[in-house]
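Per full-length UniProt numbering, residue 1 is the first one in the sequence shown, and the count goes up by one each step.
Where a beta carbon is used, it is the ideal one built from N, C-alpha and C, also for glycine.
None of the values given here were measured: they were computed from a predicted structure.
Take a look at the structure below.
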Amino acid sequence: MSSKQCTVAKSSTESEYIAASEASSEAVWMKRFIVELGVVPSALDPLVIYCDNTGAIANAKEPMSHKKLKHIKLRFHSIREYIEDGEVEICKIMASPSINFNQFLEKEKLKSNGSNFTDWFRHVRIFLNGGNLQYVLEAPLGPPPPPAVSEDVKNVYETRVIRYSQVQCAILCSLEAELQKRFEHHDPYELVHELKTIFETHAAMESYEASKHFFGCMMEEGSSVSEHVLAMSGHAKKLSDLGIVIPNQLGIHRVLQSLPPSYKNFVMNYNMQNMNKELPELFSMLKSAEVEIKKENQVLMVNKTTSFKKQGGRHRGGKKVAAPPEKPKAGPKPDTVCYYCKEKGHWKRNCSKYLADLKSGLIKKKGTAE
């Protein structure tokens, strides 16, 4: 390509200049061929070649730049002749951002029932942010500019058309067949806006369930603090994916409130020392506290067992002393004579005649005033 070196061009600008020249040669040949075949009666309008390198465009259009390219072989300067003859017009286009379509399309497609809409929409946002194309979902493309505007304005609009078309194709490929047919002729802004209108009710239910689990989760006494904190982290992550971010301080308070009574001292110390930790740091502290709490519980169990063994009675000589049996209460003997009725077999206090006379007032108890 160059008379100075036969391997590569001196710069990327020269490479793009040569590429634009080759593209213009092929385009002009194809245009002339179509006209000769009679497919179109004539083609008077110039062919437009787009290039994202300002230096390459200057090398093709401005004679002052031609002196710098004398080392490039003559056949690669054909674009200059085409521009002078009005057959080709070279225009500036913004460089295309790097978009990883393959990685995006490897994700799960949006199901027709919208059950995975939240995850799908998160992947769409990540995909667009990676290519600086998030503006596609913020506003529709809009009508083309009027003919009287400058070439720069036209080029910007043409660039946006290309970007919107790329995003539209990518999003359509990420839908199941039924949704593809329904939204085939929607631009990406309208497409995503309508999908959100249809399926965001499901997302609202998901966020409600996730918040319910997060704010209602309570750790059972004796269970693993690791499993508990990981479960709460999962609920918080789900809310974050749905666009509801839990502030760090609120998340810490919720974790502390969900702990069982055995962590009461830990919670008190944490609040009194006004600790301001991140969730991973709190998790590490809880793991250490869990070990200490288990040790304390084991000591308490041993003390209770020892106390229970000591409650059987006093020991003498290593043997247990049995408690003396209770003596049965003595009653009146058969030959006992009642002092009131003079009959045998009962005492005066149990005598029915005595009790009846006492009740009727015929007699009075000794020691009672008249």
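- Bridge pairing for Glu89: Val48 [DSSP].
- If you draw a straight line from the Cα of Gln180 to the Cα of Glu281, it is about 46 Å long.
- A buried status is given to Gly131, since no fewer than 16 other beta-carbon atoms sit within 10 Å of its beta-carbon.
- Between Glu190 and Pro146, the C-beta gap is not smaller than 8 Å, which leaves the two residues out of contact.
- If you ignore the 5 residues before and after Thr54, its C-beta comes within less than 7 Å of the C-beta of Lys92, all in its own chain and listed in chain order.
- Val28 and Leu47 do touch by the CB rule: their CB atoms are close to 7 Å apart, below 8 Å.
- Of the candidates Val35, Tyr50, His186, Lys196, the residue whose Cα lies closest to the Cα of Asn113 is Lys196.
- Counting only runs of 4+ residues, the alpha helix (DSSP H) found wholly inside the stretch 173–252 occupies 177–182, 188–216, 225–241, in chain order.
- The secondary-structure analysis by DSSP pairs Val337 across a beta bridge with Lys344.
- Counting of Cβ neighbours within 10 angstroms places His253 among the exposed residues, the total staying below 16.
- Cβ neighbours of Trp347 within its own chain (closer than 6 Å, five residues either side excluded): Pro332.
- It is roughly 26 Å from the alpha-carbon of Phe117 to the alpha-carbon of Arg160.
- Counting C-beta atoms within 10 angstroms of its own C-beta, Arg349 has fewer than 16 neighbours from the protein chains shown and is therefore classed as exposed.
- One thing to note: Met275 has its Cβ no nearer than 8 Å to the Cβ of Ser258.
- Scanning Cys51, Thr13, Ala236 for the CA closest to the CA of Ala23 turns up Cys51.
- Under the three-state reduction of DSSP, Leu362 is assigned to coil, being neither helix nor strand.
- Taken through DSSP and simplified to helix, strand or coil, Leu133 comes out as coil.
- Put simply, the backbone Cα of Ala148 is about 21 Å away from that of Ile49.
- When DSSP reads this structure, Leu110 sits in a beta bridge with Leu175.
- Nearest to Asp85 by C-alpha distance, out of Glu290, Ala60, Cys338, is Ala60.
- Annotated three-state conformation of Val39 is coil, per DSSP.
- The alpha-carbon separation between Leu37 and Lys31 amounts to approximately 10 Å.
- About 4 Å separates the CB atoms of His228 and Met219; that is less than 8 Å, so the two are in contact.
- Counting every other CB atom within 10 Å of its CB across the protein chains shown gives Gly222 a total below 16, marking it as exposed.
- Between Glu296 and Val225 a beta carbon distance of about 15 Å is seen, past the 8 Å cut, so the two are scored as non-contacting.
- For Asn269, the uninterrupted alpha helix (DSSP H) segment begins and ends at 264–272.
- The C-beta separation of Ser115 from His193 comes to about 20 Å, leaving the pair out of contact by the 8 Å criterion.
- Between Ser174 and Leu279, the CB-CB gap reaches or exceeds 8 Å.
- Take the alpha-carbon of Phe76 and the one of Ser21: they are about 6 Å apart.
- By the CB criterion at 8 Å, Val156 and Val136 fall outside the cutoff.
- A straight line joining the alpha-carbon of Leu286 with that of Tyr270 spans about 11 Å.
- In this structure, DSSP gives Gly142 a state outside helix and strand, which the three-state scheme calls coil.
- In the assembly as shown, Thr13 is a buried residue. Its beta-carbon has 16 or more other beta-carbons within 10 Å.
- Taking every protein chain shown into account, the CB of Val124 has 16 or more other CB atoms within 10 angstroms, so this residue is buried.
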